[in-house]
Amino acid sequence: AQTVTQSQPEMSVQEAETVTLSCTYDTSESDYYLFWYKQPPSRQMILVIRQEAYKQQNATENRFSVNFQKAAKSFSLKISDSQLGDAAMYFCAYLPIQGAQKLVFGQGTRLTINP
Amino acid sequence: NAGVTQTPKFQVLKTGQSMTLQCAQDMNHEYMSWYRQDPGMGLRLIHYSVGAGITDQGEVPNGYNVSRSTTEDFPLRLLSAAPSQTSVYFCASSYSGAKNIQYFGAGTRLSVL
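Top line first, the protein sequences correspond to chains A and B. Going by my numbering, the first residue of the first sequence is number 129, and it counts up by one from there. Going by my numbering, the first residue of the second sequence is number 1158, and it counts up by one from there.
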């Protein structure tokens, strides 16, 4: 079975600085998707960024980018120019391409932004 | 466009009571899923559906029933609530197409006393 591990339960960063959240996963599949979701205090799950495993180029979305290392099964999220609104729980998630769309989530990392 | 709508937002039950968590989507998505979120454990899949009339179990299905009579609705039933079912429940939906992005409802916080 696939597993996703986020080894940092909590992280903090100064406003305007850069922070990297770690995620590793385990799968025997060669093709899949990886996601980072943000969950602010409102509880809403918000998609931050998505990576397709067959693409070597790292995904970017404005201040958010990923470092996808397929061989190492690593998928870290970098947030540049951190803003107070970035404070939230961040979840890494894995989705196989074949079969039903069953997302597998990591345990989450709580990110605090210090003004 | 409402997206994925969950009701109620909050619920308190006594042990042994039954209830149904409602989920509706207006995006004509084939896939719908229920997850539960517990502290320190992320979200775990309870049940999912690949279309009307088709459902299957996820990682933690015990104590929950689902059905999918229409594309739009995917209710989650607790037949006899237990304190272990205290959690936040999320419904999600997605296309089967290339984007594979799941859209989540706002969640239901359930407490079982």
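Note that beta-carbon positions come from the ideal geometry of N, C-alpha and C, so glycine has one too.
Remark: fewer than three beta-carbon pairs, one from each stretch, lie closer than 8 Å, so the segment 1187-1197 of chain B and the segment 1167-1174 of chain B are not flagged as touching. Using beta-carbon distances, ARG178/A counts as an interface residue toward chain B, with a partner under 8 Å.
In the displayed model, GLY1264/B falls within coil according to three-state DSSP, outside both helix and strand. Residue pairing by DSSP places LEU1270/B opposite no residue, since no beta bridge is assigned to it. Taking a Cβ-Cβ cut-off of 7 Å, LYS198/A has no neighbours in chain B, whose nearest Cβ is about 18 Å from it. Around PHE1247/B, the beta-carbon contacts reaching into chain A at under 9 Å are ARG171, MET173. What GLN130/A touches in chain B, judged by beta-carbon distance under 8 Å, is nothing: the nearest beta carbon there is about 11 Å away. Residue burial annotation: GLY1264/B is buried, with at least 16 other C-beta atoms found within 10 angstroms of its C-beta. Under a 10 Å Cβ-count criterion, THR237/A is classified as buried, with 16 or more other Cβ atoms of the shown protein chains found around its own Cβ. If you check the CB distance, THR131/A and TYR153/A come in under 8 Å. Using beta-carbon distances, ASP1230/B does not count as an interface residue toward chain A, since no partner is under 8 Å. A distance below 6 Å between beta-carbons, with the five flanking residues on each side excluded, links ILE225/A to the following residues of its chain, in chain order: ASP159, TYR160. With respect to LEU1235/B, GLY1215/B sits apart: the two C-beta atoms are not nearer than 8 Å.
Within 10 angstroms of the beta-carbon of LEU1270/B lie fewer than 16 other beta-carbons, which makes it exposed. Within the same chain, SER204, LYS206 come within 6 Å of THR148/A by CB-CB distance, once the 5 residues on both sides are set aside. When rounded, the separation of the alpha-carbon atoms in GLY227/A and SER1253/B is 10 Å. The C-alpha of THR155/A lies about 17 Å from the C-alpha of TRP164/A. Residues of the segment 199-230 of chain A that bring their beta carbon within less than 7 Å of a beta carbon in chain B comprise PHE219, LEU223, ALA228, GLN229, LYS230, in sequence order. Within the same chain, ALA1181, GLN1182, ASP1183 come within 7 Å of GLU1229/B by CB-CB distance, once the 5 residues on both sides are set aside. When the Cα atoms are used, PHE1261/B and GLY1208/B turn out to be separated by approximately 17 Å. The beta carbon of LYS166/A is closer than 7 Å to those of ILE174, VAL176, ALA216, TYR218 in its chain, skipping five residues each way along the sequence.
Listed along the chain, the chain A residues whose CB falls inside 8 Å of the CB of ASP1213/B are ALA228. No Cβ of chain A is located within less than 8 Å of the beta carbon of GLN1179/B.
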